[in-house]
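S.K.:
Numbering (this note's numbering), first residue to last: 20 to 238.
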């Protein structure tokens, strides 16, 4: 596959780079700071969502994996500029060769409902936080782009992703435990996936979507 990766310095992005470093695919990865990103067989392209370089798409990628999202509002500027406006800029810049877009979203777009006993595609989108609302808005833009282009778009919605390089989820759970707190009442069930397994599934989905005879749109 010819792949353009955005968000390669992030938690999931690093796992994707580990999975892609064998040289089986032709990969270009965007990095605001190229010194933070290194993977054998992957070409690093300096740039950002704010200033997307044409070089990122010079190899005419078929698959675009978009994990360049803002997860924590450390500067108080909100999530819209990166997660929504940034996704809009990306979609506007994609070449005709792009046939599959995979977007790193989250189960948080469903809000705080029970989320049990229903098919995922039938659950209503009810984001309850500013971050979740920005993710849902980005999903909406990406799916609309796919509909208009006749391309395939998949919004990936895991709950807890753990594994090598995790700086937030497991450390946060440890802090809660140390404070004598629990996550929920004890009756809840949570989905958990290892980040390297997640990366492998993402690439398998990309290959499957690319090989499909008919363009597909899915959540």
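Glycine included, every Cβ here is placed at the ideal spot set by N, Cα and C.
From a predicted model like this one, the values you see are computed outputs, not experimental measurements.
1. So is residue 176 buried or exposed if we call it buried at 16+ other beta carbons inside 10 Å?
2. Would residue 33 be called buried (16 or more neighbouring beta carbons within 10 Å of its own) or exposed?
3. To the nearest angstrom, report how far apart residue 163 and residue 54 are at their CA atoms.
4. Would you tell me roughly how many angstroms separate the C-alpha atoms of residue 29 and residue 208, rounded to the nearest one?
5. Report the three-state DSSP secondary structure of residue 153 (helix, strand or coil).
6. Alpha carbon to alpha carbon, how far is residue 147 from residue 190?
7. Within this structure, are the beta carbons of residue 75 and residue 87 separated by less than 8 Å?
8. Consult DSSP for residue 20 and reduce its assignment to one of helix, strand or coil.
9. Determine, using beta carbons only, whether residue 78 and residue 118 come nearer to each other than 8 Å.
10. Determine, using beta carbons only, whether residue 154 and residue 128 come nearer to each other than 8 Å.
11. Can you list, in chain order, the residues of its chain with a C-beta nearer than 7 Å to that of residue 224? Leave out the 5 residues immediately preceding and following it.
12. Keeping to the same chain, check which residues put their C-beta closer than 6 Å to that of residue 105; ignore five residues upstream and five downstream.
13. Between residue 92 and the rest of its own chain, which residues show a CB-CB distance below 8 Å, the 5 nearest in sequence each way excluded?
14. Would you kindly work out how many angstroms separate the C-alpha atoms of residue 113 and residue 199, rounded to a whole number?
15. In whole angstroms, what separates the C-alpha of residue 21 from that of residue 102?
16. Going by DSSP in three states, residue 161 sits in which element: helix, strand or coil?
17. Who are the Cβ neighbours of residue 64 in its own chain at under 6 Å, not counting the five residues just before and after it?
M.R.: In brief:
1. Your numbering for residue 176 matches position 157 in the chain shown. Classification of residue 176: buried, given that the 10 Å Cβ count is 16 or more.
2. As a working mapping, residue 33 is identified with position 14 in the chain shown. Of the residues assessed, residue 33 falls on the buried side of the cut-off, its CB having 16 or more other CB atoms within 10 angstroms.
3. Residue mapping note: residue 163 aligns to position 144 of the chain shown, counting from 1. Residue mapping note: residue 54 aligns to position 35 of the chain shown, counting from 1. Their Cα atoms are separated by approximately 35 Å.
4. For this step, residue 29 is matched to residue 10 along the chain shown. For this step, residue 208 is matched to residue 189 along the chain shown. About 26 Å.
5. Position 134 of the chain shown, counted from the start, is the residue given in the question as residue 153. In the structure shown, residue 153 falls within a helical segment according to DSSP collapsed to helix, strand and coil.
6. Residue 147 sits at position 128 when you count from the first residue of the chain shown. Residue 190 sits at position 171 when you count from the first residue of the chain shown. So the alpha carbons of these two residues sit roughly 24 Å apart.
7. Taking the first residue of the chain shown as 1, we reach residue 75 at position 56. Taking the first residue of the chain shown as 1, we reach residue 87 at position 68. Here residue 75 is not near residue 87, since their CB atoms are 8 Å or more apart.
8. Residue 20 sits at position 1 when you count from the first residue of the chain shown. Coil.
9. For the purposes of this step, residue 78 is identified with residue 59 of the chain shown, where counting begins at 1. For the purposes of this step, residue 118 is identified with residue 99 of the chain shown, where counting begins at 1. Cβ atoms of residue 78 and residue 118: not closer than 8 Å.
10. Your numbering for residue 154 matches position 135 in the chain shown. Your numbering for residue 128 matches position 109 in the chain shown. The beta carbons of residue 154 and residue 128 sit closer together than 8 Å.
11. Residue numbering aside, residue 224 sits at position 205 when the chain shown is read from its first letter. The residues are 121 and 173.
12. On the chain shown, residue 105 is found 86 positions in, with the first residue counted as 1. Closer than 6 Å at Cβ, skipping near neighbours: 68.
13. Along the chain shown, one-based indexing puts residue 92 at 73. Cβ neighbours of residue 92 beyond the five flanking positions: 98, 149 and 150.
14. Locating residue 113 in the chain shown gives position 94, counting from the first residue. Locating residue 199 in the chain shown gives position 180, counting from the first residue. Rounded to the nearest angstrom, the two C-alpha atoms are 48 Å apart.
15. Within the chain shown, the letter at position 2 stands for residue 21. Within the chain shown, the letter at position 83 stands for residue 102. Roughly 24 Å between the two C-alpha positions.
16. Locating residue 161 in the chain shown gives position 142, where the first residue counts as 1. DSSP places residue 161 in the helix class (H, G or I) of the three-state scheme.
17. In the chain shown, residue 64 corresponds to position 45, counting from 1. Result list for residue 64: 47, 49, 72, 74 and 75, in chain order.
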